Amino acid sequence: MAIADERAARERKQKIFVAVGGVVLLLLLAIQLPKLLGGSGTSEATETTATSPDTVGAEPVPGIGARPVSVVLVDTDRPLPAARGKLTSFTVFSRKDPFVQQVKPQLPPTSLTAGAAGTKDGGGEKPKTDSTGFTVGTPVASVTVISVNGARQALLPGAAFPSSNPVFVLIAEQPKAKTVTIGIAGGVYENGAKGTKLKVGKPLVLVNTTTGASYRLVLVAVGDGSAAAARAADQSSGKPPAATP
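Right, dumping it as structure tokens:
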């Protein structure tokens, strides 16, 4: 019996809660529903009411004239004086094609134009040129110049070099071929040859197999044989030979 009474009391409380909640919900709907449904109409009516007096007031009242208002216009035709340091006017540079040459080279007057003008005046004469001609050839050295390890020495055929340690000897000169023939002073090469050719501009490196010393020979100039001929003439005439430079 106690359990049945508790269940009945709980159901009664639930029914009371549902009934009270339903009443509260109905009251809220009754208050808020007119505002939700009639809100736009109220705002439109308010706007219409607010704008109506303005429209009526804008109509002119008969019998009342408007007062003329005097307006003073400023004369803007006169340019105001520019202050110091202010820009008064400016110009725009003309456009140019960057790929077209703007500077035209001036050609010097030719001699033909001057001659024609002189002939027309009657007093022009052709300038005379000197008919004496001359030729300039490649200068030929009178003696042979050989550089040994950077030190140059002037030589005649039969002279030994270098002066510090005469190991080589100049055998012959070939000025047309721009070569000379050199040999070992008092000996021969390892292959048995008595001489080897040295050409202008082509260095030659020789190594002494006994001492291991190396010599870099460069032919600087080839003598034309005139110095050797003059020396032979002096020797035949009994004159002392000229000093080799």
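Under our numbering, the letters of the sequence shown match residues 66 to 310, in that order. We treat Cβ as the ideally placed atom computed from N, Cα and C, and that holds for glycine. Please read all numbers here as calculations on a predicted model, not as lab measurements.
- Assigned with DSSP and collapsed to three states, residue 93 falls in helix.
- Less than 7 angstroms separates the beta-carbon of residue 237 from that of residue 222.
- For the pair residue 248 and residue 260, the CB atoms are nearer than the 7 angstroms cut-off.
- Taking residue 264 as the centre and dropping the five residues before and after it, the same chain places the C-beta of 243, 244 and 284 closer than 7 angstroms to its C-beta, in chain order.
- In the DSSP annotation of this structure, residue 255 is not part of any beta strand (DSSP E), being labelled neither H nor E.
- From the listed residues 240, 148, 209 and 215, the smallest Cα separation to residue 225 is found for 209.
- For residue 145, there is no enclosing beta strand (DSSP E), as DSSP marks it with neither H nor E.
- Residue 95 sits exposed, since fewer than 16 C-beta atoms from the chains shown fall within 10 Å of its C-beta.
- Assignment of residue 80 by DSSP, reduced to helix, strand and coil, places it in the helix class.
- For residue 99, there are no CB contacts under 7 angstroms within the same chain when 5 residues up- and downstream are skipped.
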